[in-house]
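Enquirer: Have a look at this one before I ask anything.
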Ligand SMILES: Cc1cc2nc3c(=O)[nH]c(=O)nc-3n(C[C@H](O)[C@H](O)[C@H](O)COP(=O)(O)OP(=O)(O)OC[C@H]3O[C@@H](n4cnc5c(N)ncnc54)[C@H](O)[C@@H]3O)c2cc1C
């Protein structure tokens, strides 16, 4: 293995999805030199938005995506020559996530022109000789501080005799059509934005019946002027409208809904041929020795001295004016959350 230990970076960012890119960009906006930052990702494909969830309708407006792209000055977004389709859309509209992935890929390319980048997975992080050591197949790298922005993967369940349709397939209408038969009864677990899109996709794909198991009632996001009630968990945009028309106000004849308890699962799962588990996400694993990444401080992203978490895997918790707490998820929120904690992180080393 190549030993890349000769240079000590000030900041290593693990993962170049939106949260990792924002972290590197905000560090540079705050005056950290590009040559002091190193960015790791095995794909440099702007994270999961385009590759996994491209055909999902966004739950945040075009305006917020554009603010994310333009407010981080070090992204140098103004350097693109041909406008992206995202920029042609009305700013209050929602869009398919693939429209966001394209400008993010541009930003990723731009960032790689300034900071050091290694196209590899970081397999292990640990403290060695007074700094953080990051092990990859390309070599071992040293940095004073590390930001982990590795994203999350879908949680899943298993029921004997019921074959699983993975979340990525369920959120891609054309692939889903190939994965189901007209005679199928399909269980969908969850009541989130994604679960509701999946129910619609299954009906569009022509399945016989959808049985939805949920733990809590729907929540609709409500615009309260300068803040949004249920901003992170509530249904929005086209999805909210579809759910109001087909589930909340009138029950779609091909959809049955049950609270997810043992009694209902015993009674109804045996009727299902296939199942989609839209039950949330868990952080991607990364070997950090005896430091539990999951124990991060949800108010400020600190995992350990000089080690911080951001993005979908390590969201910050926010309270609304009614005192309701939610995890703060979305590109625009990641940007604001990273900005708010960065002055602290700059001071909080090993
Ligand atoms: C279905 C769905 C819909 C969403 N809709 C919206 C929306 O409308 N608006 C919005 O703002 N947000 C939305 N989000 C939330 C969030 O903005 C996205 O999930 C976003 O992709 C999260 O960015 P991230 O950088 O945290 O993680 P990711 O996009 O997952 O990026 C993580 C990166 O880390 C890399 N990586 C992982 N492990 C390692 C490792 N060990 N070493 C090096 N690199 C590694 C991966 O290759 C990847 O590039 C949605 C999320 C989902 C799941």
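Residue numbers (our numbering): 618 to 967.
Positions of the beta carbon are idealized from the N, C-alpha and C atoms, including for glycine.
If you're wondering where the values come from, they're calculated on a predicted model, not measured in any experiment.
Do residue 863 and residue 824 come within 8 Å of each other at the CB atom, strictly closer than that value?
Expert: Here residue 824 corresponds to residue number 207 of the chain shown, with the count starting at 1. Here residue 863 corresponds to residue number 246 of the chain shown, with the count starting at 1. Against a cut-off of 8 Å, the Cβ pair of residue 863 and residue 824 comes out as no contact.
Enquirer: Could you please give me the residues that DSSP links to residue 733 through a beta bridge?
Expert: Position 116 of the chain shown holds residue 733. In the DSSP output, where bridge partners are listed per residue, residue 733 has 655.
Enquirer: Does the distance from the CB of residue 750 to the CB of residue 757 come in under 8 Å?
Expert: Indexing the chain shown from 1 puts residue 750 at position 133. Indexing the chain shown from 1 puts residue 757 at position 140. Yes.
Enquirer: Could you pull out every residue in the same chain whose Cβ sits closer than 6 Å to the Cβ of residue 837, ignoring the five residues on either side in sequence?
Expert: Taking the chain shown and counting its residues from 1, one reaches residue 837 at position 220. Closer than 6 Å at the Cβ level, and outside the excluded window around residue 837, lie 851, 852 and 857.
Enquirer: If we require 4 or more residues per run, which alpha helix (DSSP H) segments fall completely within the segment 730-788?
Expert: List check, alpha helix (DSSP H) in window: 784-787.
Enquirer: My output table needs one value for residue 864: the three-state DSSP class, helix, strand or coil.
Expert: Counting from one through the chain shown, the residue named residue 864 turns up at place 247. DSSP places residue 864 in helix when its eight states are reduced to three.
Enquirer: Using CA atoms only, rank isn't needed, just tell me which of 772, 647 and 921 is closest to residue 967.
Expert: By one-based count along the chain shown, residue 967 stands at place 350. That would be 921, whose Cα lies nearest to the Cα of residue 967.
Enquirer: Have a look at the DSSP bridge pairing and note the partners of residue 628.
Expert: Sequence index remark: in the chain shown, residue 628 carries index 11 (1-based). In DSSP, residue 628 forms a bridge with 654 and 762.
Enquirer: For residue 873, which of helix, strand or coil comes out of DSSP?
Expert: Translated into positions along the chain shown, residue 873 becomes position 256. Three-state result, residue 873: strand.
Enquirer: Should residue 911 be labelled buried (16 or more other beta-carbon atoms within 10 Å of its own) or exposed?
Expert: For the purposes of this step, residue 911 is taken as residue 294 along the chain shown, with counting starting at 1. Residue 911 is exposed by the Cβ-count criterion.
Enquirer: What first and last residue would you give for the alpha helix (DSSP H) that runs through residue 949?
Expert: For the purposes of this step, residue 949 is taken as the residue at position 332 of the chain shown. Segment 948-964, the alpha helix (DSSP H) holding residue 949.
Enquirer: State buried or exposed for residue 906, treating a residue as buried only when at least 16 other CB atoms are found within 10 Å of its CB.
Expert: Within the chain shown, the letter at position 289 stands for residue 906. Result: exposed.
Enquirer: Per DSSP, residue 942 is paired with what?
Expert: Residue 942 sits at position 325 when you count from the first residue of the chain shown. Residue 942 is bridged to 936.
Enquirer: With a threshold of 7 Å, establish whether the CB of residue 929 neighbours any heavy atom of ligand 1.
Expert: Within the chain shown, residue 929 is the residue found at index 312, counting from 1. Yes, Cβ of residue 929 sits closer than 7 Å to a heavy atom of ligand 1.
Enquirer: Exposed or buried, which one is residue 902 when buried takes at least 16 other CB atoms within 10 Å?
Expert: Mapped onto the chain shown, residue 902 falls at position 285. Answer is exposed; the Cβ neighbour count stays below 16.
Enquirer: So residue 869 packs on residue 820, CB below 8 Å; how close in whole Å?
Expert: The residue you call residue 869 lines up with position 252 of the chain shown. The residue you call residue 820 lines up with position 203 of the chain shown. Right, the Cβ-Cβ distance comes to about 7 Å (below 8 Å), so this counts as a contact.
Enquirer: Buried or exposed: where does residue 732 fall if 16 or more other Cβ atoms within 10 Å of its Cβ makes it buried?
Expert: Residue 732 sits at position 115 when you count from the first residue of the chain shown. Buried, since its Cβ has 16 or more Cβ neighbours within 10 Å.
Enquirer: Starting from the C-beta of residue 801, find all residues in its chain whose C-beta is less than 7 Å away, skip the five residues before and the five after it, and write them out in chain order.
Expert: Mapped onto the chain shown, residue 801 falls at position 184. Once the five neighbours on either side are set aside, the close Cβ partners of residue 801 are 824, 825, 890 and 891.
Enquirer: Under a Cβ-count criterion, where at least 16 other Cβ atoms within 10 Å of its own Cβ denotes burial, should residue 954 be classed as buried or exposed?
Expert: Here the question's residue 954 lines up with position 337 in the chain shown. Its Cβ being crowded by 16 or more others within 10 Å, residue 954 is buried.
Enquirer: In terms of residues, what are the limits of the alpha helix (DSSP H) holding residue 679?
Expert: One-based indexing of the chain shown puts residue 679 at position 62. Residue 679 -> alpha helix (DSSP H) spans 679-688.
Enquirer: Using three-state DSSP, classify residue 717 as helix, strand or coil.
Expert: For this step, residue 717 is matched to residue 100 along the chain shown. DSSP places residue 717 in helix when its eight states are reduced to three.
Enquirer: Are the CB atoms of residue 951 and residue 894 nearer to each other than 8 Å?
Expert: By 1-based counting over the chain shown, the position of residue 951 is 334. By 1-based counting over the chain shown, the position of residue 894 is 277. No, they are not a contact pair.
Enquirer: Tell me the residue span of the beta strand (DSSP E) that contains residue 829.
Expert: Position 212 of the chain shown, counting from 1, holds the residue named residue 829. It spans 826-831 - the beta strand (DSSP E) in which residue 829 sits, taken as one unbroken run.
Enquirer: Please return the same chain residues whose Cβ sits closer than 6 Å to the Cβ of residue 817, not counting the five positions on each side in sequence.
Expert: Within the chain shown, the letter at position 200 stands for residue 817. The answer, listed in chain order, is 859.
Enquirer: Using the Cβ count rule (16 or more neighbours within 10 Å means buried), how would you classify residue 933?
Expert: What you label residue 933 is simply residue 316 of the chain shown in a count that begins at 1. Residue 933 comes out buried.
Enquirer: Quick check: does the Cβ of residue 790 come within less than 7 Å of any heavy atom belonging to ligand 1?
Expert: Here the question's residue 790 lines up with position 173 in the chain shown. Answer for residue 790: no, Cβ out of range of ligand 1.
Enquirer: Under 7 Å: does the beta carbon of residue 911 sit that close to some heavy atom of ligand 1?
Expert: Looking up residue 911 in the chain shown gives position 294. Every heavy atom of ligand 1 is 7 Å or more from the Cβ of residue 911, so no.
Enquirer: Looking only at DSSP bridge pairs, what is residue 722 linked to?
Expert: Residue numbering aside, residue 722 sits at position 105 when the chain shown is read from its first letter. Beta-bridge pairing links residue 722 to no other residue.
Enquirer: What I want to know is whether the C-beta of residue 653 ends up closer than 7 Å to one or more non-hydrogen atoms of ligand 1.
Expert: The count along the chain shown starts at 1 and reaches residue 653 at position 36. No, the beta carbon of residue 653 sits no closer than 7 Å to any heavy atom of ligand 1.
Enquirer: Could you check whether the Cβ of residue 970 sits closer than 7 Å to any heavy atom belonging to ligand 1?
Expert: Nothing in the structure corresponds to residue 970, since the chain is present only between 618 and 967.
Enquirer: Based on the DSSP output, what are the partners of residue 802 in its beta bridges?
Expert: The residue given as residue 802 occupies position 185 in the chain shown. Looking at the DSSP assignment, residue 802 forms a beta bridge with 826.
Enquirer: Please list, in chain order, all residues of the same chain as residue 958 whose beta carbon is under 6 Å from its beta carbon, the five residues on each side excluded.
Expert: As a first step, residue 958 must be located in the chain shown, where it is residue number 341. Counting only Cβ-Cβ distances below 6 Å, and skipping sequence neighbours, we find 917 and 918.
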